[in-house]
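Here our numbering is used: position 56 in the sequence shown is 57, and no number is missing along the way.
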Amino acid sequence: MPRVRDLPPFGKTCYLSEKQITAPAIEIQEAERIILEIHDGPAQTLTSAFQYLQTVDQIARPYLVQRPELDRLFSRAVGLVRQAVRETREIINGTVPAALEAHGLVVVVRQELKQLEEDSGCKIEFYSSAWPTLHGQAELAIYRIIHEAVNNVRKHARSPRLEIEMNQKGKRLLVRVKDGGIGFPPDKLESSPSGNSLGLLSMRRRAELLGGTFSISTALGKGTEITVDIPWRK
Numbered sequence: 002m003p004r005v006r007d008l009p010p011f012g013k014t015c016y017l018s019e020k021q022i023t024a025p026a027i028e029i030q031e032a033e034r035i036i037l038e039i040h041d042g043p044a045q046t047l048t049s050a051f052q053y054l055q056t057v058d059q060i061a062r063p064y065l066v067q068r069p070e071l072d073r074l075f076s077r078a079v080g081l082v083r084q085a086v087r088e089t090r091e092i093i094n095g096t097v098p099a100a101l102e103a104h105g106l107v108v109v110v111r112q113e114l115k116q117l118e119e120d121s122g123c124k125i126e127f128y129s130s131a132w133p134t135l136h137g138q139a140e141l142a143i144y145r146i147i148h149e150a151v152n153n154v155r156k157h158a159r160s161p162r163l164e165i166e167m168n169q170k171g172k173r174l175l176v177r178v179k180d181g182g183i184g185f186p187p188d189k190l191e192s193s194p195s196g197n198s199l200g201l202l203s204m205r206r207r208a209e210l211l212g213g214t215f216s217i218s219t220a221l222g223k224g225t226e227i228t229v230d231i232p233w234r235k
């Protein structure tokens with residue numbers, strides 16, 4: 002991550018190279034292109050899928066009410082697609098999720114973990130102490146990191162247990178996600194890029210954008226532990 006450089010003394014001229022001027026513009030153009038792709042592609046597909054699910058629910062409702070477990074699973078699927086539609090719109094609009102603004106990070110994470118425990122049967126332990134109120138984008142970035150870490154455990158780890166910690170220690174914010182799953186060889190991240198490794202790279206990038214660090218400890222058969230350390234001040 003580039004270091005922040007001091008500004009020249011007042012009255013001195015600061016010259017920017019063409020590369021320094023054009024690089025941010027290129028990044029903005031690329032971000033706009035991705036947003037348009039999401040809007041015209043996955044966002045439309047998710048909206049259509051949600052509408053189809055609503056139609057199926059109306060037709061199959063008499064059948065589903067007689068089968069509570071199937072009804073619960075179907076309702077959960079509908080809820081996840083509804084959530085995906087909402088989150089996609091929030092990404093496109095560049096807004097912080099309404100739940101984060103209304104309830105804060107700790108409450109939202111606790112609610113999602115409770116739902117995951119009910120759906121998966123995985124035993125989840127959640128610890129949080131003295132977590133401060135953050136501004137929107139910082140809170141959103143940390144939420145995305147935790148969400149991605151937990152999602153990786155759900156999809157890949159096959160873990161019977163999961164531990165999540167969110168703590169403030171002095172001028173540092175510490176997040177730790179530890180599972181008891183299958184783990185993986187650390188060199189696999191570099192040798193074979195995959196959806197899992199891209200998710201890890203995304204988490205690292207978000208932590209670095211907040212001026213923090215991201216570390217991962219794992220071994221085959223030993224589970225995985227992710228630690229994020231972010232500077233904080235009031």
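The beta carbon of each residue, even a glycine, is placed where N, CA and C say it ideally should be.
Quiz item: CA-CA distance, GLY80 and SER121?
Solution: 16 Å
Exercise. With a threshold of 16 other CB atoms inside 10 Å of the CB of ASN94, please say whether the residue is buried or exposed.
Key: exposed
Exercise. Identify whether VAL66 lies in helix, strand or coil by the three-state DSSP scheme.
Key: coil
Self-check item: ILE36 and VAL110 closer than 9 Å at C-beta
Solution: no
Quiz prompt | Cβ-based burial, LEU135 [other Cβ within 10 Å; buried from 16] | solution = buried
Quiz item: If ARG207 and ARG145 are in contact, beta carbons under 8 Å, what's the gap, nearest whole angstrom?
Solution: 6 Å
Exercise. Quick one: measure Cβ to Cβ for ILE217 and ILE227, integer angstroms, because I've assumed they're closer than 8 Å.
Key: 5 Å
Quiz item: What's the gap between the Cα of ALA150 and the Cα of GLN67?
Solution: 37 Å
Quiz item: When the Cα of ALA90 is compared with those of GLY224, THR48, THR225, PHE185, which residue comes out closest?
Solution: With the sequence shown as reference, residue 90 is identified as Arg, and Ala is not the correct amino acid for it. Closest option to ARG90, Cα to Cα, is THR48.
Quiz item: Which residues does DSSP pair with PHE215 in a beta bridge?
Solution: VAL229
Quiz item: For LYS1, does the three-state DSSP call read helix, strand or coil?
Solution: Examination of residue 1 is not possible in this model, given that the chain is present from 2 through 235 alone.
Quiz item: What does GLY166 pair with, by DSSP beta-bridge criteria?
Solution: Reading off the sequence, residue 166 comes out as Glu, not Gly. In the DSSP output, where bridge partners are listed per residue, GLU166 has TYR128, ARG177.
Practice problem: Using the Cα positions of LEU114 and VAL178, report the straight-line distance between them to the nearest angstrom. | Solution: 12 Å
Exercise. Taking 9 Å as the cut-off, decide whether the C-beta atoms of TRP132 and LYS172 are in contact.
Key: no
Quiz item: In terms of residue numbering, what span does the alpha helix (DSSP H) encompassing GLY137 cover?
Solution: 137–153
Quiz item: My guess is that GLY182 and ARG159 are in contact by the Cβ rule of under 8 Å, so how many angstroms apart are they, rounded?
Solution: 5 Å
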